[in-house]
Ligand SMILES: Cc1cc2nc3c(=O)[nH]c(=O)nc-3n(C[C@H](O)[C@H](O)[C@H](O)COP(=O)(O)OP(=O)(O)OC[C@H]3O[C@@H](n4cnc5c(N)ncnc54)[C@H](O)[C@@H]3O)c2cc1C
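Here is the structure:
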């Protein structure tokens with residue numbers, strides 16, 4: 447019999463265990479190691495948090511409801527606290543110019559090691575290869591079934607993550623545990639994902655990117671765009687990726703049209719006027735030179751001229767009005783149709799999960815079952831790339847740990 451059982455040894459479960467102040471705690475992990483998703487985060491270096499102010503930080507989540515839900519947790523344990531916590535425990539975290547924060551070691555394993563050491567110091571147990579398959583509450587106690595084994599506890603934390611990258615252990619089985627206990631689950635969908643494009647024309651230049659592309663998003667058969675976003679855009683083998691695509695993929699459906707710029711801009715109409723002036727000037731420049739001066743890479747210029755079928759060696763004065771207008775429009779709003787998102791296997795996070803209105807946002811305790819808590823990505827929130835998701839896992843875990851410890 448344990449005071450607390452935590453199901454899931456990921457960012458949320460480990461941080462909760464590392465901050466609990468109770469006499470006994472057991473962490474159940476279905477995999478043969480803990481923190482498998484942390485290990486692949488930030489390209490193996492773990493972009494652990496972000497220097498944005500808490501106000502801006504909260505805006506990086508799916509919608510206003512998520513922002514409101516996470517507010518007490520983030521204000522209670524913001525970025526600065528994460529930096530202090532790890533530093534106090536022996537790992538320096540370094541903010542980069544773009545606001546992303548990484549461990550000094552640039553190794554995700556060090557983040558796991560610190561939490562694991564803290565858990566061991568408290569005498570808590572981590573049980574590997576132990577998947578929770580059923581949970582019931584009888585009287586004051588929870589009974590957790592893991593195959594043939596059964597564990598009992600007074601407080602239960604479900605921190606089983608979402609459904610993305612299932613090979614890391616987050617296979618969605620946690621949703622069934624929450625359902626067993628009477629919670630409703632908002633249908634999980636892949637989020638933070640690249641997208642596949644119909645009749646994709648940029649395969650040849652996959653790996654190339656456009657800095658600060660301005661992308662307009664349109665639903666199928668609708669003329670009014672539903673979103674405009676600016677950020678780096680990456681060409682992949684099958685479609686588009688990069689922060690501007692990944693961070694907004696939660697809104698994208700199959701059949702949507704995306705119109706992206708191949709040059710940096712924040713205002714397409716203003717840039718169109720600038721381009722009109724450039725393209726109609728009397729300067730003796732080849733079209734290739736003009737495009738290079740607009741900071742477009744050689745590979746993109748080559749492919750762009752093939753797609754639009756113009757000779758990039760021609761001088762501006764020799765281009766027809768028609769082709770100039772076609773080039774300008776395509777530079778500003780190259781249209782593509784979304785085939786599909788890359789599925790859960792390629793999504794960095796899951797949107798959907800345990801409904802926010804069923805959890806007390808100040809304690810992470812279930813509104814349905816006393817002494818049941820949730821932490822991390824199993825909850826229906828999803829943040830942008832940039833360290834927001836791991837910080838949210840830590841902040842929700844911390845508030846759950848504090849609530850349990852106070853009892
Ligand atoms: C490729 C990739 C890169 C990423 N990079 C970043 C980044 O740099 N910065 C950032 O902020 N976020 C990043 N993320 C997202 C971030 O890693 C997650 O949001 C975060 O790890 C979620 O933590 P969690 O503890 O809620 O879930 P998880 O880390 O998924 O942990 C859940 C744990 O529960 C275990 N488990 C599941 N079901 C059961 C069960 N039934 N019984 C027992 N154990 C179970 C799993 O094995 C797993 O260990 C990245 C994600 C991916 C996929």
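Numbering (the numbering used here), first residue to last: 447 to 853. Note that the Cβ used here is the ideal one computed from N, Cα and C, for glycine as well. Given the structure is predicted, the values throughout are model-derived calculations rather than measurements.
{"query": "Contained beta strand (DSSP E) runs [length at least 3] in the segment 741-773, N- to C-terminal order", "result": "none"}
{"query": "Limits of the beta strand (DSSP E) - the one that residue 603 falls within", "result": "595-604"}
{"query": "Rounded straight-line distance, which links the Cα of residue 586 to that of residue 701", "result": "51 Å"}
{"query": "Same chain, Cβ closer than 8 Å to residue 811, neighbours up to 5 away in sequence not counted", "result": "805, 817, 818, 819, 846 and 849"}
{"query": "Closer than 6 Å: residue 850 CB and nearest ligand 1 heavy atom", "result": "no"}
{"query": "Straight-line Cα distance separating residue 687 from residue 640", "result": "5 Å"}
{"query": "Range covered by the alpha helix (DSSP H) that runs through residue 715", "result": "714-725"}
{"query": "Residues bridged to residue 787 [DSSP beta-bridge criterion]", "result": "641"}
{"query": "Closer than 6 Å: residue 577 CB and nearest ligand 1 heavy atom", "result": "yes"}
{"query": "Residue 454, buried or exposed, once every other Cβ within 10 Å from all chains shown has been counted against 16", "result": "buried"}
{"query": "Any non-hydrogen atom of ligand 1 closer than 6 Å to residue 566 Cβ", "result": "no"}
{"query": "Proximal residues to residue 516 (C-beta, below 8 Å), its chain only, five neighbours per side dropped", "result": "504, 507, 807, 827, 838, 841 and 842"}
{"query": "Outcome for residue 844 when other beta-carbon atoms lying within 10 angstroms are tallied against a minimum of 16", "result": "buried"}
{"query": "Residue 475, buried or exposed, once every other Cβ within 10 Å from all chains shown has been counted against 16", "result": "buried"}
{"query": "Check whether residue 635 and residue 456 have beta carbons under 7 Å apart", "result": "no"}
{"query": "Cβ-Cβ distance between residue 793 and residue 619 below 7 Å", "result": "no"}
{"query": "Residue 659 vs residue 680 beta-carbon contact at 7 Å", "result": "no"}
{"query": "Beta carbon of residue 637 nearer than 7 Å to that of residue 795", "result": "yes"}
{"query": "Any 3 or more C-beta pairs closer than 8 Å across the segment 772-783 and the segment 614-628", "result": "no"}
{"query": "Closer than 6 Å: residue 846 CB and nearest ligand 1 heavy atom", "result": "no"}
{"query": "beta-carbon residue 457 near ligand 1 non-hydrogen atom, thresh 6 Å", "result": "yes"}
{"query": "Buried or exposed by the 16-neighbour rule on C-beta atoms within 10 Å, applied to residue 696", "result": "buried"}
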